[in-house]
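*Asks:* Quick one: this structure, given as C-alpha cells, is what I'll be asking you about.
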Amino acid sequence: AQKITQTQPGMFVQEKEAVTLDCTYDTSDPSYGLFWYKQPSSGEMIFLIYQGSYDQQNATEGRYSLNFQKARKSANLVISASQLGDSAMYFCAMRELSGNTPLVFGKGTRLSVIA
Amino acid sequence: SAVISQKPSRDICQRGTSLTIQCQVDSQVTMMFWYRQQPGQSLTLIATANQGSEATYESGFVIDKFPISRPNLTFSTLTVSNMSPEDSSIYLCSVGTGGGGGYGYTFGSGTRLTVV
Numbered sequence: 004a005q006k007i008t009q010t011q012p013g014m015f016v017q018e019k020e021a022v023t024l025d026c027t028y029d030t031s032d033p034s035y036g037l038f039w040y041k042q043p044s045s046g047e048m049i050f051l052i053y054q055g056s057y058d059q060q061n062a063t064e065g066r067y068s069l070n071f072q073k074a075r076k077s078a079n080l081v082i083s084a085s086q087l088g089d090s091a092m093y094f095c096a097m098r099e100l101s102g103n104t105p106l107v108f109g110k111g112t113r114l115s116v117i118a
Numbered sequence: 005s006a007v008i009s010q011k012p013s014r015d016i017c018q019r020g021t022s023l024t025i026q027c028q029v030d031s032q033v034t035m036m037f038w039y040r041q042q043p044g045q046s047l048t049l050i051a052t053a054n055q056g057s058e059a060t061y062e063s064g065f066v067i068d069k070f071p072i073s074r075p076n077l078t079f080s081t082l083t084v085s086n087m088s089p090e091d092s093s094i095y096l097c098s099v100g101t102g103g104g105g106g107y108g109y110t111f112g113s114g115t116r117l118t119v120v
C-alpha cells in the first residue's frame with residue numbers, strides 16, 4: 004500500500020529565503036508519480052510540481068523544485084525566494100501509475116512566510 | 005488539464021438534512037474521485053466514481069451516507085446524507101485526465117460544508 008509521510012506540521016521562513024518541505028513515501032510499485040499541491044486558506048488545491056519515478060532529472064517549475072532521492076524514497080519540495088503569498092498548506096501526494104488510481108496525500112505542512 | 009466547476013462553494017446546513025454537491029468537467033473523463041478534508045486534516049478519499057457502474061467506496065465510507073451518481077463522463081454528484089456536525093468538512097472532487105505534467109490531475113474548488 005502507498006504511504007506518504009510529511010513530518011513537519013508547520014514551518015516558518017523569512018521572505019526571500021529558500022525553504023525545504025520534507026516528504027517521504029513508500030510503495031511497492033516501481034512506477035509511480037509524486038505531486039506537490041498548495042492549499043491556501045480559500046481551500047482550493049493548486050498543483051505545483053510533478054516527478055515521475057523514472058524521470059532522470061529533478062522537476063522544476065519556476066520557484067519550485069523537487070529534490071527527488073529515489074533510494075531514500077524522498078521527494079522534498081524546495082521553494083526559492085519565498086513570498087508572502089506562499090503562506091499556505093502544502094501537501095505531498097503520490098499515485099501508482101498502473102491504472103487510473105487516485106492520489107494519496109500526506110498530512111501536510113503549514114508554511115508561514117514572515118516579512 | 006481539465007477544468008472542474010464544483011457547486012456549491014459553501015453551505016451551512018441543519019443536522020439531519022442532506023446536501024448534494026455537483027462537479028461538472030469540461031472534458032470527458034473515466035474516473036472521478038471524491039475527497040473529504042476535515043478541519044485541519046489532509047484529504048481522505050471517499051470513493052471513486054466510474055461512469056456506468058457503482059462507485060467504489062474506501063474503508064469507513066458507505067453508500068447510504070455518501071451516495072454518488074455518475075450519469076455521464078463529464079458529471080458527478082456526491083450527497084452527504086443525514087448530516088451531523090462531524091460531517092463539517094471541505095469536500096473536493098478530482099479527475100485525472102491522463103496527460104501532461106502531473107498526469108493532469110485537477111481538483112474542483114471545493115465545497116465548504118458546515119453542519120449546525
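Chains as they are written, first to last, in the working numbering: chain A, 4 to 118; chain B, 5 to 120. We treat Cβ as the ideally placed atom computed from N, Cα and C, and that holds for glycine.
1. Excluding the 5 residues preceding and the 5 following Asp89 (chain A) in the sequence, name in chain order all residues of the same chain whose CB lies nearer than 7 angstroms to its CB.
2. Residues in its own chain within less than 8 angstroms of Asn61 (chain A) by CB, not counting five upstream and five downstream?
3. Does any CB atom of chain A fall closer than 7 angstroms to the CB of Gly44 (chain B)?
4. Going by DSSP, what residue range makes up the beta strand (DSSP E) through Leu65 (chain B)?
5. Whole angstroms are fine: how far does the CA of Ser93 (chain B) sit from the CA of Gln41 (chain B)?
6. Look at Ala84 (chain A) and Lys19 (chain A) and say whether their C-beta atoms are less than 7 angstroms apart.
7. For Gly104 (chain B), which residues of its own chain have a beta-carbon under 8 angstroms away from its beta-carbon, when the five flanking residues on both sides are left out?
8. Between the alpha carbons of Thr8 (chain A) and Lys73 (chain A), how many angstroms are there, rounded?
9. With a cut-off of 7 angstroms, does the C-beta of Lys110 (chain A) fall near any C-beta of chain B?
10. Give me the Cα-Cα distance between Val120 (chain B) and Gly13 (chain A), rounded to the nearest whole angstrom.
11. Using the three-state DSSP reduction, which class does Glu47 (chain A) fall into: helix, strand or coil?
12. For Pro89 (chain B), which of helix, strand or coil comes out of DSSP?
13. CB Thr24 (chain B) to CB Thr83 (chain B), shorter than 7 angstroms?
14. Counting only the same chain and skipping the five closest in sequence on each side, list residues whose C-beta sits under 6 angstroms from that of Met53 (chain B).
15. Please report the Cβ distance between Leu106 (chain A) and Phe38 (chain A), rounded to the nearest whole angstrom; I am assuming they are in contact, meaning their Cβ atoms lie under 8 angstroms.
16. Can you give the beta carbon distance from Tyr28 (chain A) to Lys6 (chain A), rounded, assuming they're within the 8 angstroms contact cut?
17. Let me make sure I understand the geometry here. Which of A:Met97, A:Gln11, A:Ala91 has the alpha-carbon closest to that of Pro33 (chain A)?
18. Taking the alpha-carbon of Gln26 (chain B) as reference, which of B:Cys97, B:Ser57, B:Gln45, B:Gln18 has the nearest alpha-carbon?
19. Three-state secondary structure (DSSP) at Asp89 (chain A)?
20. Within a Cβ cutoff of 7 angstroms, which residues of the same chain sit near Ser113 (chain B), ignoring the five residues on either side of it in sequence?
21. Among A:Arg66, A:Gly111, A:Ser45, which has the Cα closest to the Cα of Asp52 (chain A)?
22. Can you name the residues of chain B whose CB is closer than 7 angstroms to the CB of Met48 (chain A)?
23. State yes or no: is the beta carbon of Met87 (chain B) nearer than 7 angstroms to at least one beta carbon in chain A?
*Replies:* Taking the geometry as given:
1. Ile82, Leu114, Val116
2. Gln54, Ser68, Leu69, Asn70, Phe71
3. no
4. Note that residue 65 (chain B) is Phe in the sequence shown, not Leu. Where Phe65 (chain B) is concerned, there is no enclosing beta strand (DSSP E), given that its DSSP letter is neither H nor E.
5. 6 angstroms
6. yes
7. Because the pLDDT at Gly104 (chain B) is just 46, under 50, the model does not fix this residue reliably, and the point stays unresolved.
8. 15 angstroms
9. yes
10. 30 angstroms
11. coil
12. helix
13. yes
14. Met is not the amino acid found at residue 53 (chain B); the sequence shown has Ala there. Same-chain partners within the cutoff: Met36, Ala59, Ile72, Arg74, Ser80.
15. 6 angstroms
16. 7 angstroms
17. A:Met97
18. B:Cys97
19. helix
20. Gln10, Ser13
21. Looking at the sequence provided, one finds Ile at residue 52 (chain A) rather than Asp. Closest option to Ile52 (chain A), Cα to Cα, is A:Arg66.
22. Leu96, Phe111
23. no
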